[in-house]
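In terms of numbering that gives the first Met the number 0, the sequence shown opens at residue 0 and continues consecutively. Ideal Cβ positions, reconstructed from N, Cα and C, are used throughout, including at glycine. Contents: one structure, followed by commentary.
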Amino acid sequence: MSNSVNNAPAAHSAGAEESRPSLAALLLDPSFWADWASIVGLVGLVIVFGIAQPVFLSVANLQALLLAAAILVVLSIGQTFVVATSGIDLSLAAAVMLGAIILGLVNAAGHGIFIACVLALLATSAIGFLNGLIITAGKIPDFVVTLGTLSGITGLGLILSGGEPTMVGSTFLLRLASGSFGPFGYPVWVAIAAVIVAHVALYHTRFGVHLLATGGQVESAGALGIRTNRVKIAAYTISGFCAGIAAILLVARIGSAEPQINTSLLLNSVAAVVLGGVSLFGGRASILGPAIGALMLTALVNGLTLLNVSAFYQPLAVGAIVVLAALIMRYQK
0 MSNSVNNAPA
10 AHSAGAEESR
20 PSLAALLLDP
30 SFWADWASIV
40 GLVGLVIVFG
50 IAQPVFLSVA
60 NLQALLLAAA
70 ILVVLSIGQT
80 FVVATSGIDL
90 SLAAAVMLGA
100 IILGLVNAAG
110 HGIFIACVLA
120 LLATSAIGFL
130 NGLIITAGKI
140 PDFVVTLGTL
150 SGITGLGLIL
160 SGGEPTMVGS
170 TFLLRLASGS
180 FGPFGYPVWV
190 AIAAVIVAHV
200 ALYHTRFGVH
210 LLATGGQVES
220 AGALGIRTNR
230 VKIAAYTISG
240 FCAGIAAILL
250 VARIGSAEPQ
260 INTSLLLNSV
270 AAVVLGGVSL
280 FGGRASILGP
290 AIGALMLTAL
300 VNGLTLLNVS
310 AFYQPLAVGA
320 IVVLAALIMR
330 YQK
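As structure tokens, then:
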């Protein structure tokens, strides 16, 4: 459109009027909702819940909402890097569980919380690296590999923990969970830092360019000299690292390492990514979008809880959001 305007300045006014879509046409355009779904959804939920239950907009509740969303924001970032390559990481929630268990066991063995956190991050990053290596070297679909990894990690976690939770007593984790700086708790700042770093990596580095090129058209990217296998392995490693951060935040919040998978973390991480405008077909990604999508899903659960909607019904609402996300994804193809 811009080229035609520049080449025909005399027709600028008429051309602009013809090319500018009306508000009605814009609202009926599926691509508009694909780009702005998370923001529109979040604003809509805030308005609806704010009217239905005014306490939803209280400072205390909004701060609690942000704290609850921090873990999902971090996980959605990791999932975004994988989805940008047209892959998917089904082992995320299991990696969080294993990272938490390793953190708890190492800390309980008396090696200190710092070593425990580092080993948890290394373990989850190794899981991501292994996923990427098997997928690229074996040319096996992401879905199959990460589904198998999910099962294997679950078994390993149960073996290491004996199926029992491990209490984690740590001043550092206690401060991480309950402390704050300014208006936000520390977990929120961790999520904000993750968003900033990921945004820079995706949009302002050569790796980000290679990542999107690999997801958009892997054959063309390879022809241009991009080492697509390395890019995919790096994406899965980043996803694993984010799972490690989420594991630390989770243990800090609940005070123990639980040998069970929170399946909603996986489901919601994918939903947040798609709601944020990231195409599951690869080549198109955003960092802020999935973060807002994570806030939207957390706000949904928070609002329904304040309205005394049974926890048994809440997954239905979240499921509807996931279906909506799938429809949005269809128009992004």
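Nearest by alpha-carbon distance to residue i: which of the options is it?
| i | options | result |
| --- | --- | --- |
| Thr-153 | Leu-44, Ser-255, Val-73, Ala-94 | Ala-94 |
| Ala-122 | Val-82, Asn-261, Gly-239, Pro-314 | Gly-239 |
| Gly-156 | Gly-282, Thr-170, Leu-102 | Leu-102 |
| Val-42 | Met-166, Met-295, Leu-326, Val-199 | Met-295 |
| Ile-191 | Phe-206, Ile-112, Phe-142, Leu-287 | Leu-287 |
| Gly-275 | Phe-80, Ser-255, Val-217 | Phe-80 |
| Ala-284 | Val-208, Arg-229, Leu-104 | Val-208 |
| His-198 | Gln-52, Ala-83, Gly-131, Phe-142 | Ala-83 |
| Trp-188 | Leu-66, Leu-61, Ser-278 | Leu-66 |
Once DSSP output is grouped into helix, strand and coil, what is the label at residue i?
| i | result |
| --- | --- |
| Phe-280 | coil |
| Thr-204 | coil |
| Ser-179 | strand |
| Gly-111 | coil |
| Gly-275 | coil |
| Gly-184 | strand |
| Thr-165 | strand |
| Ala-310 | coil |
With residue i as the anchor, note down where its alpha helix (DSSP H) starts and where it stops.
| i | result |
| --- | --- |
| Ile-247 | 227–253 |
| Asp-141 | 141–160 |
| Glu-218 | 217–222 |
| Val-300 | 287–305 |
| Glu-74 | Before going further, note that residue 74 is Leu rather than Glu in the sequence given. Per DSSP, Leu-74 belongs to the alpha helix (DSSP H) from 58–82. |
Alpha carbon to alpha carbon, how far is residue j from residue i? Give it in angstroms, no decimals.
| i | j | result |
| --- | --- | --- |
| Leu-44 | Ala-298 | 7 angstroms |
| Thr-213 | Leu-223 | 10 angstroms |
| Ala-99 | Ala-256 | 5 angstroms |
| Ser-268 | Leu-71 | 6 angstroms |
| Ala-115 | Ile-50 | 45 angstroms |
| Phe-113 | Leu-120 | 11 angstroms |
| Arg-174 | Pro-140 | 41 angstroms |
| Pro-164 | Tyr-235 | 28 angstroms |
| Ser-150 | Ala-125 | 16 angstroms |
| Leu-323 | Ser-37 | 11 angstroms |
| Thr-262 | Phe-180 | 31 angstroms |
| Ala-69 | Gly-162 | 27 angstroms |
| Glu-218 | Thr-227 | 9 angstroms |
Taking only beta-carbon atoms, is residue i less than 9 angstroms away from chain D?
| i | result |
| --- | --- |
| Pro-314 | This model lacks chain D altogether; it includes just one protein chain. |
Check whether the segment 307–314 touches the segment 240–247, counting contact only when three or more Cβ pairs, one atom from each stretch, lie closer than 8 angstroms. The segment 307–314 is not in contact with the segment 240–247.
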